[in-house]
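Participant: Residue numbers (the numbering used here), protein chains in the order written: chain L, 5 to 148; chain R, 5 to 148; chain D, 5 to 148; chain Z, 5 to 148; chain E, 5 to 148; chain A, 5 to 148. By construction, the Cβ of each residue, glycine as well, lies at the ideal position given by its N, Cα and C atoms. Model, not experiment: these values are computed from the prediction.
Number of protein chains: 6
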Amino acid sequence: MVDITHKSNTLRTAIAQAIVKVSSQETIDAIQNKTVPKGDVFAMSKAAGLLGVKKTPDLLPDCHPLPIEYTGIEYKIDGLEIKVLVTVKTIYKTGVEVEAMHGASVVALNMYDMLKPIDKGIELHHIKLLEKTGGKSSFKDKFR
Amino acid sequence: MVDITHKSNTLRTAIAQAIVKVSSQETIDAIQNKTVPKGDVFAMSKAAGLLGVKKTPDLLPDCHPLPIEYTGIEYKIDGLEIKVLVTVKTIYKTGVEVEAMHGASVVALNMYDMLKPIDKGIELHHIKLLEKTGGKSSFKDKFR
Amino acid sequence: MVDITHKSNTLRTAIAQAIVKVSSQETIDAIQNKTVPKGDVFAMSKAAGLLGVKKTPDLLPDCHPLPIEYTGIEYKIDGLEIKVLVTVKTIYKTGVEVEAMHGASVVALNMYDMLKPIDKGIELHHIKLLEKTGGKSSFKDKFR
Amino acid sequence: MVDITHKSNTLRTAIAQAIVKVSSQETIDAIQNKTVPKGDVFAMSKAAGLLGVKKTPDLLPDCHPLPIEYTGIEYKIDGLEIKVLVTVKTIYKTGVEVEAMHGASVVALNMYDMLKPIDKGIELHHIKLLEKTGGKSSFKDKFR
Amino acid sequence: MVDITHKSNTLRTAIAQAIVKVSSQETIDAIQNKTVPKGDVFAMSKAAGLLGVKKTPDLLPDCHPLPIEYTGIEYKIDGLEIKVLVTVKTIYKTGVEVEAMHGASVVALNMYDMLKPIDKGIELHHIKLLEKTGGKSSFKDKFR
Amino acid sequence: MVDITHKSNTLRTAIAQAIVKVSSQETIDAIQNKTVPKGDVFAMSKAAGLLGVKKTPDLLPDCHPLPIEYTGIEYKIDGLEIKVLVTVKTIYKTGVEVEAMHGASVVALNMYDMLKPIDKGIELHHIKLLEKTGGKSSFKDKFR
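This is the structure:
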């Protein structure tokens, strides 16, 4: 684990995405109409993702535990693709990119888990960092 | 959570993949030559993935806790893409698809976390189920 | 921890309750209309409770880890009181009473956590076992 | 999860209670004489509660992880009722009310779990905040 | 992780020990008289150890999750040495040696943590398996 | 849990050791040649230890959660003994001795778990603090 004792606290944000691709419009309708048998897919996956962001250092050996001071989770539907956007903020010595990416992956996996009884063709794509600020280099995905 | 009290134990296996796409051959070389500063990327990510598979029901609300009786993790390098393959087996009433997919995502995220100091352009793709056996329907990804 | 190696697997169910008492009808309305700023209180608390049931043996030293084969979470509104009902099932050597009660307490605490910005007078009451079946003695709360 | 990046660190304390109501004086005697078969109920439940306070953000999605700088656990016996008092302190941007309430509920549940072999009539009552200081509003339960 | 899908369930037990060596008789007296400021060292370390046994597969990547059906924790004082004995039982396809050893190490570490304010010279020794039964080979430490 | 709200942040380091004693040179060779069937013992045990350090407050009731800002894990082979050295740093109000000792014990236990299929005579010894700096008293083991 990298030594960060000499670094300064700064506000750091990261936005990560995951794409959940379903195989039919019926699946999108069931999510929006809240008729999926396991429950409200967006609300429950948000709960899982909020917890998942906080558990990142429990899963990744080199990841520093840090004070998660904000997590926001949004969904955007575009045809058969649902874009999951996870924004994380901290004021600490190291960034929250991996936390945001882990949160996005947990939200996407939970959607998969809740939807698999009604749709066998779901795939998870493009888990990636879209934007980060704070720290020595900012970054913005050029294709965003 | 779905009621599985009436179901029978059968041998169930699932194989999931994740693709880690790096941005240059130098990254692949550093992994293979074990010169990545954070350590041996394949061995440490395998450790993270073995633990991650077991933690799936801690992260996903509807996922049943179950006896993980085998987890295997393999890596295949193809140009700038590294395919992570996670195989999980259980003898239980419900399958291990989500466990395998979660394991694949943790391995991929850990590779990202260990590699980001040397490669800023890593993306995670195609986290999906490749194959499952046991339970009421077997499945094999047609493009595998 | 009690030795259960000599016991037999039987189907066991437990139903526990918790009462969340809010201080005004506005709070009830906000829950039902899904206008609570932190999100959908019932769906997110259900997610927390499903995870909480599974984490019971992580929190209580003498509690045996066991296969949770069903968890159901229901809400009943009666005036300013919301009754949380958690049903848990297993086929194992020991019962799931404490798991159901822990689930009920986590659901209730999460409702408190989500509602405290809009209602300062929330109390949690009567976390208790309502019913259990299986094992050497069945039980039914006489006042249910 | 609420954004707290703009808030200042202040000393914050919270005291929460839970009431464990047993059904006979024999149970109280067994606790005090340390003759409960599962062990010393007060000491072991204190251990569970100290761990439970720290695990609050693992269980409640919107709860910020924060530095727990003190937890104290006290018991007061009054007839057949045992009052569990949990005091938590932090110096951080947000309070520890829910942490104290979760700690009180874990202590109470563990007492229930250790006592159920000798007393089938235990109930948990009145898990509530008694007092908080620090942050924008202090609070003291008027009936305390 | 080794594939155990083909193995049969048998009763398996393991007994592990750890030695906690303190530096003065005053420490032993404080433990026995329950005057250690942090609380009852034996009861609280037992609680930590019971939880620790169950968390073994969360910490060790290759360790199979399994049903812990009994854990017993005993202490034997011999001069300045306290022997911690942890017995674990399961009926499963693989043994509980590492679980017993992890439990012994957690009990010993917790004793260290509770005692360090009053004794700066504590060491932990001889964490080892004393006995195992069940599985393809039984074992008994010859020096026990 | 000790109240640390009045204490100041200082840089604190701790170095702990564990000794893993194997029973034959073949075991040492298998570790060095990376021919142990379960995988690369040093890299995977390092991953387990990095996670283990962070989980210390989840296992020990009185241990404060704190920002782990560095963990380093080293191995030194001397005949049939492997010395595991774990260095932990924080800038906080309380030290990281127990975290370093827990990390050392998890690394050692994982080595045991990975090696037991090829060596039945492994013991873990001398888990102890070698050095600490920061806080009101520094300390250096005189025999180091």
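For chain E, find out if any of its Cβ atoms is closer than 9 Å to the Cβ of glutamine 38/R; answer yes or no.
Facilitator: Looking up residue 38/R in the second sequence gives position 34. The displayed chain sequence assigns lysine, not glutamine, to residue 38/R. Judged by the 9 Å Cβ criterion, lysine 38/R is not in contact with chain E.
Participant: Helix, strand or coil for aspartate 123/E, going by three-state DSSP, please let me know.
Facilitator: What you label residue 123/E is simply residue 119 of the fifth sequence in a count that begins at 1. Here aspartate 123/E sits in coil by DSSP.
Participant: Please determine, among Lys136/Z, Thr94/Z, Lys120/Z and Asp82/Z, the residue with the shortest C-alpha to C-alpha distance to glycine 99/D.
Facilitator: Looking up residue 99/D in the third sequence gives position 95. Looking at the Cα atoms, Lys120/Z is the closest of the given residues.
Participant: Whose C-alpha, out of Leu84/Z, Glu73/Z, Asp33/Z and Ile23/Z, is nearest the C-alpha of valine 92/Z?
Facilitator: Here residue 92/Z refers to the residue found at position 88 when the fourth sequence is read from its first residue. The shortest Cα separation from valine 92/Z among Leu84/Z, Glu73/Z, Asp33/Z and Ile23/Z belongs to Glu73/Z.
Participant: Counting C-beta neighbours from all protein chains within 10 Å, is the total for threonine 39/D 16 or more, i.e. buried, or is it exposed?
Facilitator: By 1-based counting over the third sequence, the position of residue 39/D is 35. With fewer than 16 other Cβ atoms within 10 Å, it is exposed.
Participant: Can you name the start and end residues of the alpha helix (DSSP H) that leucine 63/E belongs to?
Facilitator: Stepping through the fifth sequence from its first residue, residue 63/E is reached at position 59. Leucine 63/E -> alpha helix (DSSP H) spans 45-63.
Participant: Any contact between the stretch 108-125 of chain D and the stretch 69-87 of chain Z? By contact I mean 3 or more CB pairs, one from each, below 8 Å.
Facilitator: Touching, no.
Participant: Between which two residues does the alpha helix (DSSP H) harbouring aspartate 33/Z extend?
Facilitator: Your numbering for residue 33/Z matches position 29 in the fourth sequence. Per DSSP, aspartate 33/Z belongs to the alpha helix (DSSP H) from 29-36.
Participant: Is the CB of glycine 43/E under 9 Å away from at least one CB in chain Z?
Facilitator: Numbered from 1 along the fifth sequence, position 39 holds the residue referred to as residue 43/E. Yes, its Cβ sits closer than 9 Å to a Cβ of chain Z.
Participant: Does any CB atom of chain E fall closer than 9 Å to the CB of lysine 11/Z?
Facilitator: Numbered from its first residue, the fourth sequence carries residue 11/Z at position 7. Cβ-Cβ to chain E under 9 Å: no for lysine 11/Z.
Participant: Cβ atoms of leucine 55/E and leucine 63/D: under 9 Å apart, would you say?
Facilitator: The residue you call residue 63/D lines up with position 59 of the third sequence. The residue you call residue 55/E lines up with position 51 of the fifth sequence. Closer than 9 Å, so yes.
Participant: Which value, in whole angstroms, describes the spacing of the CA atoms of leucine 89/L and lysine 80/L?
Facilitator: Your numbering for residue 89/L matches position 85 in the first sequence. Your numbering for residue 80/L matches position 76 in the first sequence. Looking at the two C-alpha atoms, the distance is approximately 8 Å.
Participant: Would isoleucine 32/Z count as contacting chain D if we go by Cβ distances under 9 Å?
Facilitator: Translated into positions along the fourth sequence, residue 32/Z becomes position 28. Closer than 9 Å: no.
Participant: Taking C-beta pairs closer than 9 Å, name the residues in chain D that alanine 52/Z reaches, listed in chain order.
Facilitator: Counting from 1 along the fourth sequence, the entry for residue 52/Z is found at position 48. Leu63, Leu64 and Pro65, listed in chain order.
Participant: For chain Z, find out if any of its Cβ atoms is closer than 9 Å to the Cβ of valine 6/A; answer yes or no.
Facilitator: The residue you call residue 6/A lines up with position 2 of the sixth sequence. Yes, contact with chain Z.
Participant: What are the boundary residues of the beta strand (DSSP E) that threonine 39/L is part of?
Facilitator: Taking the first sequence and counting its residues from 1, one reaches residue 39/L at position 35. It is not in any beta strand (DSSP E) - threonine 39/L carries neither H nor E in the DSSP assignment.
Participant: Grab the span of the beta strand (DSSP E) containing isoleucine 8/D for me, first residue to last.
Facilitator: Residue numbering aside, residue 8/D sits at position 4 when the third sequence is read from its first letter. Segment: none, isoleucine 8/D is in no beta strand (DSSP E) and carries neither H nor E.
Participant: Would you mind sorting asparagine 37/E into buried or exposed? The rule is 16 or more other CB atoms within 10 Å of its CB.
Facilitator: The sequence position of residue 37/E within the fifth sequence is 33, counting from 1. Classification of asparagine 37/E: exposed, given that the 10 Å Cβ count is below 16.
Participant: Can you give the Cα-Cα distance for methionine 5/Z and serine 49/D, rounded to whole angstroms?
Facilitator: Position 1 of the fourth sequence, counting from 1, holds the residue named residue 5/Z. Position 45 of the third sequence, counting from 1, holds the residue named residue 49/D. Spanning the two alpha carbons is a distance of roughly 14 Å.
Participant: Express the C-alpha separation of asparagine 13/E and histidine 10/D in angstroms, rounding to a whole number.
Facilitator: Here residue 10/D refers to the residue found at position 6 of the third sequence. Here residue 13/E refers to the residue found at position 9 of the fifth sequence. Approximately 13 Å between the Cα atoms of the pair.
Participant: Which same chain residues end up closer than 7 Å to glycine 138/R when comparing Cβ atoms and leaving out the 5 residues on each side of it in sequence?
Facilitator: Taking the second sequence and counting its residues from 1, one reaches residue 138/R at position 134. Result list for glycine 138/R: Thr14, Leu15, Arg16, Thr17 and Gly99, in chain order.
Participant: Roughly how many angstroms lie between the CA atoms of glycine 83/A and glutamate 103/E, to the nearest whole one?
Facilitator: Here residue 83/A is taken as the residue at index 79 of the sixth sequence, counted from 1. Here residue 103/E is taken as the residue at index 99 of the fifth sequence, counted from 1. Each residue's Cα considered, the two are about 28 Å apart.
Participant: Shorter than 9 Å from the beta carbon of methionine 48/D to some beta carbon of chain L?
Facilitator: Here residue 48/D refers to the residue found at position 44 when the third sequence is read from its first residue. Closer than 9 Å: yes.
Participant: Is the Cβ of histidine 130/R closer than 9 Å to any Cβ of chain D?
Facilitator: Within the second sequence, the letter at position 126 stands for residue 130/R. Closer than 9 Å: no.
Participant: Can you check whether the C-beta of valine 55/Z is within less than 9 Å of a C-beta belonging to chain E?
Facilitator: Along the fourth sequence, read from residue 1 onward, the residue named residue 55/Z stands at position 51. The displayed chain sequence assigns leucine, not valine, to residue 55/Z. Output row for leucine 55/Z: interface = yes.
Participant: Run the CB neighbour count on glutamate 101/R, radius 10 Å, all protein chains shown included, and call it buried at 16 or more, exposed below.
Facilitator: Here residue 101/R refers to the residue found at position 97 when the second sequence is read from its first residue. Glutamate 101/R is buried by the Cβ-count criterion.
Participant: Assign proline 65/E to one of two classes, buried (16 or more other C-beta atoms within 10 Å of its C-beta) or exposed (fewer than that).
Facilitator: For the purposes of this step, residue 65/E is identified with residue 61 of the fifth sequence, where counting begins at 1. With 16 or more Cβ atoms within 10 Å of its Cβ, proline 65/E is classed as buried.
Participant: Near glutamate 85/A, which residues of its chain fall below 6 Å by C-beta distance, leaving aside the five closest residues on each side in sequence?
Facilitator: Translated into positions along the sixth sequence, residue 85/A becomes position 81. Same-chain partners within the cutoff: Ile23 and Lys25.
Participant: Can you pull the DSSP bridge partners for isoleucine 77/R?
Facilitator: Along the second sequence, one-based indexing puts residue 77/R at 73. Isoleucine 77/R is bridged to Val90/R.
Participant: When the cut-off is 9 Å and only beta carbons count, does histidine 68/E lie next to chain R?
Facilitator: Here residue 68/E is taken as the residue at index 64 of the fifth sequence, counted from 1. Chain R contact via Cβ: present.
Participant: Please list the residues of the stretch 103-129 of chain D that have a C-beta atom closer than 9 Å to any C-beta atom in chain Z, keeping them in chain order.
Facilitator: Going along the stretch 103-129 of chain D in chain order, one finds Met105, His106, Ser109, Val110, Ala112, Leu113, Asn114, Tyr116, Asp117, Met118, Lys120, Pro121, Lys124, Ile126, Glu127, Leu128 and His129 with a Cβ nearer than 9 Å to chain Z.
Participant: Lysine 93/E CB to nearest chain R CB: under 9 Å?
Facilitator: Locating residue 93/E in the fifth sequence gives position 89, where the first residue counts as 1. Not an interface residue.
Participant: Just to confirm, are glutamate 127/D and lysine 132/Z a CB contact at a threshold of 9 Å?
Facilitator: Residue 127/D sits at position 123 when you count from the first residue of the third sequence. Residue 132/Z sits at position 128 when you count from the first residue of the fourth sequence. Yes; because the gap between Cβ atoms is below 9 Å, this pair is in contact.
Participant: Going along the chain, which residues of its own chain have a beta-carbon closer than 8 Å to the beta-carbon of glycine 43/R, five neighbours each way excluded?
Facilitator: Here residue 43/R refers to the residue found at position 39 when the second sequence is read from its first residue. Within the same chain, glycine 43/R has close Cβ partners Met118.
Participant: Quick check on valine 111/R: does DSSP put it in helix, strand or coil?
Facilitator: The residue you call residue 111/R lines up with position 107 of the second sequence. In this structure, valine 111/R counts as helix in the three-state DSSP scheme.
Participant: For chain D, find out if any of its Cβ atoms is closer than 9 Å to the Cβ of lysine 80/Z; answer yes or no.
Facilitator: By one-based count along the fourth sequence, residue 80/Z stands at place 76. It does not; no Cβ of chain D falls within 9 Å.
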